[in-house]
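When the letters of the sequence shown are read in order and numbered with full-length UniProt numbering, they come out as residues 1 to 251. No residue lacks a Cβ here, since even glycine has one placed at the ideal position from N, Cα and C. As the structure is a computational prediction, the values presented were derived from the model and not from experiment. Here the structure is laid out as structure tokens; the discussion comes afterwards.
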Amino acid sequence: MSKSVEQTLEGEDNNNSRGSESNPNQSQEWETMARLWLSAFPGVKAVSGTEVESWIDSNYSSLPSDLQSMPRSDLVNRLLSIQNYMRLPDHSQQVPETNQVDVPHARFQRTDQWLPVYSWLESLDKDEVVKSKDISDWLAENPGIREQLFSRHSRYHLMHYIKKCHVKILKRRERKKGVQPTDNPGSPKVQKNVEVKELTPVPMFNPLNNIPKDSELYVAKRNEALQKYEILLELEKKLSPHFSKREAVNH
């Protein structure tokens, strides 16, 4: 191989390398989206590899090109490693002590550009989650902060994350006070909960109770029930992305 050809190939390799690293914002946007999904699980529970692969399939078109070319097993492991990091018990202690804002435990943004957002959320004297209009008005009053945040995040993810932070702030206040933030005696939500608690639960009838457990009929009925349950789970996974898109449109 001639020297000129080697130089040409070397130049192409360098260009490809730079191309895969030329858009760090896109990779961070993907990680932000992944962390939002992982933090949505109650108590940041461990997700299975199947759930991770289902999420990757639903969001594959949004992944940066370098992640799309990554082997599926490596991509799954990367998501699982992010989730393992989020579940560390000392995760909230990694925030510098110079930050005087009481930051929510599961936050994943630690740059200085987010500190004004946390300060503003802490200053809100309300017991309900901040609305999209209030967030938009505050960002309009702080154009410098708005430009920094919009340069790294989409409007949907930005709104979703700020609301999620406010939810955690309200829950923290709730724990300090020992009461629910929205539990006003006259609120419709509380009245509805009281009515539900007063209802007498109706005993569920299980047809398998009258069938001997060692019979073939019992095994067949049980397998049929398990198959129906698995079908419902699969249907839920397929419909979840559509409901997420509808919520994004409503916001």
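Host alpha helix (DSSP H) of residue i (start-end)
i       : result
Asp-57  : 49 to 58
Ile-211 : Where Ile-211 is concerned, there is no enclosing alpha helix (DSSP H), given that its DSSP letter is neither H nor E.
Ser-65  : 65 to 68
Beta-carbon proximity check, residue i vs residue j, cutoff 8 Å
i       : j       : result
Trp-30  : Leu-63  : yes
Leu-121 : Val-130 : yes
Arg-35  : Ile-82  : yes
Ser-123 : Met-159 : no
Lys-228 : Ser-54  : no
Beta-carbon proximity list for residue i, same chain, < 8 Å, skipping 5 on both sides
i       : result
Met-33  : Asn-59, Ser-62, His-157
Ile-231 : none
Val-194 : With a pLDDT of only 49 at Val-194, under 50, the local geometry of the prediction cannot be trusted, and no value is derived from it.
Phe-150 : Leu-158
Tyr-161 : Thr-32, Leu-36, Gln-109, His-153
Ser-240 : Ser-58
Asn-142 : Pro-116
Ile-56  : Leu-63, Arg-72, Leu-75, Val-76, Leu-79
Gly-49  : Val-76, Leu-80
Spatial neighbours of residue i in its chain, beta-carbon cut-off 7 Å, leaving aside the 5 residues before and after
i       : result
Glu-12  : Bear in mind that the predicted position of Glu-12 carries a pLDDT of just 42, short of 50, making it too unreliable to give a figure here.
Glu-21  : Interpretation of Glu-21 is limited by its pLDDT of 46, a score under 50 that renders its predicted location unreliable; no figure is taken from the coordinates.
Leu-226 : none
Leu-217 : Ile-211
Ile-135 : Met-159, Ile-162
Own chain partners of residue i with C-beta closer than 6 Å, once the 5 adjacent residues on each side are dropped
i       : result
Leu-139 : Arg-146
Val-52  : Val-76, Leu-79
Gln-100 : With a pLDDT of 38 at Gln-100, under the threshold of 50, the predicted position of this residue should be treated as unreliable, and no value is reported.
Met-70  : none
Asp-137 : none
### Message
Extract the residue ranges of the alpha helix (DSSP H) inside the region 114 to 156, only unbroken runs of 4 or more that lie entirely within it.
### Response
115 to 123, 132 to 141, 143 to 150
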